[in-house]
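The structure under discussion appears below in the form of structure tokens.
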Amino acid sequence: MSGAHDRHRPRYHLLPPTGWMNDPNGVVEWQGRYHVFYQHNPVAPRWAPPHWGHAVSDDLVHWQHLPVALTPEMSPADADGCWSGCFVDDGGTPTILYTGVRAGEQATCLATGSADLVHWRKDPTNPVSRVPGTLAAHALEAYRDPYAWREDDGWYALVGTSLGGVGQALLYRSPDLRRWEYLHPFVPAHADGVCDDTGQIWECPNFFALDGEHVLLVSRWQGTALTYPNALVGRYAERRFHPGSRQRLDWGYRCFYAPLSLLDDRGRRLVWGWLQEQRHVERANGHWAGAASLPRTLTLEDGVLRQRFVPELETLRGAGVRLDDAPVHGVQPLDLGGPALELRLTLSRGSAAMAGVRLRHAPGEHTDVVVAWEAGRLMVDTRRAKGPHGTDYAVDTLPLVRGGAALERVSLHVYLDHSVLELIVDERHALTTRVYPSGPPLDEVALVANGGTATVETLEAWQLGAIW
Ligand code: FRU
């Protein structure tokens with residue numbers, strides 16, 4: 029059973045046919061088609077020793093499921109799961125590096141694929157790299173999620189870990205992807221203040237050049253839980269990464285995690301994250317859990333990391349409405365609704381204290397996406413939209429202004445897909461959350477402003493189609 033009738037199941041997001049998904053893995057554009065692999069339990073909506081699920085798309089919007097690519101096996105290295113990893117093109121041979129887990133040990137394993145990426149063969153020499161002897165004394169809490177790239181003098185790879193109680197990535201070099209030499213911790217000093225939000229473990233490191241600088245994405249594990257990904261922007265020199273600034277990649281609470289990116293044939297840096305559920309799936313009698321985010325492009329403009337949803341998603345648009353220069357005061361319903369929507373709007377402050385959008389999912393159950401002008405923040409309040417099985421993380425706050433500048437104008441790009449709410453503010457800050465209303469569907473949208481009148485400079489909204 030897939031849970032296809034579950035009203036909370038997204039209709040235009042990438043997710044497995046049934047069962048559980050977590051991290052996107054090995055994302056690649058290969059022979060003109062986009063492939064996303066992902067951490068997957070095909071039989072139940074809960075984490076279990078992961079398989080690699082696999083889906084392919086011609087347009088970044090419509091996805092087709094392909095057979096599971098990697099399955100945990102009793103054979104040497106991965107009986108307890110094929111954990112996260114990456115895809116590389118080894119001189120024409122599709123190759124996956126992943127974390128094989130067995131008897132508590134995490135190690136890097138390799139598999140090679142058929143030209144269509146459907147069939148995968150694990151390397152007989154697995155695992156190809158293990159915790160380096162020089163670090164044995166550290167009793168590493170994690171050694172996983174290899175991310176590899178090619179340079180003139182060979183292959184390099186990062187492995188996510190924790191050193192001295194804080195997140196770190198270990199750098200390796202190899203001539204052939206099979207023999208790996210450990211070099212050193214990739215980020216030399218956390219003490220410089222830039223990398224002040226390390227968390228305890230770095231999961232899923234992802235390193236790439238972007239618009240003249242370098243970016244390291246790391247997912248920050250803290251205590252006993254995943255938290256959120258950070259993007260570190262900085263300088264790559266002498267095989268070390270020196271972060272110059274940090275930006276949180278998504279402000280949702282434990283909802284967008286383990287992002288992984290690819291460089292597509294058009295030169296775009298595209299990123300997907302894992303959208304974790306925020307309800308107790310089994311109590312809710314679900315058959316599925318988890319989805320991939322919509323693909324976003326990443327760019328650096330004047331040192332600022334920008335995020336945008338890919339324009340390909342515009343093909344999902346159906347009926348729409350448009351407003352220009354509309355004053356908003358109180359609660360004003362829009363002439364458009366539905367459980368699958370896209371909204372683009374620019375708000376200006378006027379005399380209002382707060383202004384934004386109310387998604388009225390069901391009677392008495394709504395989500396407010398509002399700008400608190402004075403505080404310089406966006407607030408996404410899902411307290412009345414989590415349903416009986418929701419967890420309690422319910423008001424997300426995204427700081428838009430630091431250092432006292434007045435906030436006068438905000439642009440919002442919002443995607444609602446049943447239980448998934450993804451938004452990007454000012455083509456920069458992202459926030460993803462989940463909603464699970466339980467009452468009879470209302471699916472209305474209203475503009476809201478209180479404490480005065482705000483102006484909607486422009487608004488466009490569309491109902492969106494399904495991809496499955
Ligand atoms: C991140 C993560 C990875 C690991 C995978 C296991 O969500 O914990 O570090 O490889 O999930 O499914």
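Residue numbers for the sequence shown follow the working numbering, so the first one is 29 and each next one is one higher.
Ideal Cβ placement from N, Cα and C applies to all residues, glycine included.
Checklist entry - What whole-angstrom Cβ distance do Asp445 and Pro44 have, given they're in contact under 8 Å? => result With a Cβ gap of about 16 Å, Asp445 and Pro44 do not count as contacting.
Checklist entry - So Cys232 packs on Pro271, CB below 8 Å; how close in whole Å? => result So it is not a contact: roughly 17 Å between Cβ atoms.
Checklist entry - Cβ of Tyr264 within 7 Å of any heavy atom in ligand 1? => result Not under cutoff, so the answer is no.
Item to check | Environment of His389 [buried if 16+ CB atoms lie within 10 Å] | outcome: buried
Next on the checklist: For the region 474-484 against the region 307-324, do three or more pairs of beta-carbon atoms, one drawn from each stretch, fall closer than 8 Å, so that the two count as touching?
Outcome noted: no
Next on the checklist: Nearer than 7 Å: is that true of the beta carbon of Arg336 relative to any heavy atom of ligand 1?
Outcome noted: no
Checklist entry - For the putative contact between Ala170 and Ile124, defined by C-beta atoms under 8 Å, what is the C-beta separation to the nearest angstrom? => result Under the criterion of beta carbons closer than 8 Å, Ala170 and Ile124 do not qualify as touching, at roughly 20 Å.
Next on the checklist: Among Asp424, Leu459, Arg263 and Thr425, whose alpha-carbon lies nearest the alpha-carbon of His2?
Outcome noted: With the chain covering only 29 through 496, there is no way to say anything about residue 2.
Item to check | Sub-8 Å separation of Trp183 and Pro122 beta-carbons | outcome: No, they are not a contact pair.
Next on the checklist: Could you pull the DSSP bridge partners for Val473 from this structure?
Outcome noted: Residue pairing by DSSP puts Val473 in a beta bridge opposite Leu387.
Next on the checklist: Let me check you understand the geometry: is the CB of Trp177 closer than 7 Å to at least one non-hydrogen atom of ligand 1?
Outcome noted: Not so, every heavy atom of ligand 1 lies at least 7 Å from the Cβ.
Item to check | Glu310 - DSSP class collapsed to helix/strand/coil | outcome: coil
Item to check | Residue of Ser85, Cys114 and Val89 minimising C-alpha distance to Leu288 | outcome: Cys114
Checklist entry - In terms of residues, what are the limits of the beta strand (DSSP E) holding Tyr421? => result Taken as a continuous stretch (DSSP letters only), Tyr421 belongs to no beta strand (DSSP E), as it is neither H nor E.
Item to check | Close-in-space but distant-in-sequence residues of the same chain around Arg334 (CB under 6 Å, 5 per side omitted) | outcome: Thr327, Glu455 and Arg456
Item to check | Length-filtered (3 minimum) beta strand (DSSP E) runs lying within the region 149-180 | outcome: 171-179
Item to check | Close-in-space but distant-in-sequence residues of the same chain around Arg268 (CB under 6 Å, 5 per side omitted) | outcome: Pro216
Item to check | DSSP bridge partner residues for Ser247 (one or two, in chain order) | outcome: Glu231 and Pro257
Checklist entry - Taking 7 Å as the cut-off, is the CB of Trp111 close to at least one heavy atom of ligand 1? => result yes
Item to check | Proximal residues to Ala32 (C-beta, below 7 Å), its chain only, five neighbours per side dropped | outcome: none
Item to check | Under 8 Å between C-beta atoms of Pro83 and Trp48 | outcome: Before going further, note that residue 83 is Ala rather than Pro in the sequence given. In this structure, Trp48 does not lie closer than 8 Å to Ala83 by Cβ.
Next on the checklist: Please classify Ala368 as buried or exposed, where buried requires at least 16 neighbouring CB atoms within 10 angstroms.
Outcome noted: Residue environment for Ala368: buried (at least 16 other C-beta atoms within 10 angstroms of its C-beta).
Next on the checklist: Using a 10 Å radius around the Cβ and a threshold of 16 neighbouring Cβ atoms, would you call Thr483 buried or exposed?
Outcome noted: buried
Checklist entry - Can you find a heavy atom of ligand 1 that lies under 7 Å from the Cβ of Arg172? => result yes
Next on the checklist: How far does the beta strand (DSSP E) with Tyr210 in it extend, from its first residue to its last?
Outcome noted: Glu209 to Pro213
Checklist entry - Since Pro95 and Gly109 are thought to touch, with beta carbons under 8 Å apart, how far apart are those beta carbons, to the nearest angstrom? => result Not a contact, Cβ separation roughly 18 Å.
Checklist entry - Given a threshold of 16 other Cβ atoms within 10 Å of its Cβ, counted over all protein chains shown, does Pro174 qualify as buried or as exposed? => result buried
Item to check | Endpoints, beta strand (DSSP E) assigned at Asp363 | outcome: For Asp363, the enclosing beta strand (DSSP E) starts and ends at Arg345 to Gly365.
Item to check | Nearest-angstrom Cα separation, counted from Ala253 out to Trp177 | outcome: 29 Å
Checklist entry - Should Thr419 and Gln250 be called a contact, given that it needs their Cβ atoms to be closer than 8 Å? => result no
Checklist entry - If we count Cβ pairs, one from each stretch, closer than 8 Å, do we get three or more for the region 376-396 versus the region 425-433? => result no
Checklist entry - Taking C-alpha atoms, which residue in Leu303, His41 and Ser103 lies nearest to Phe284? => result Leu303
Checklist entry - For Glu393, does the three-state DSSP call read helix, strand or coil? => result strand
Item to check | Beta-carbon contacts of Asp293 that lie in its chain and below 6 Å, excluding the five residues immediately before and after | outcome: Glu57
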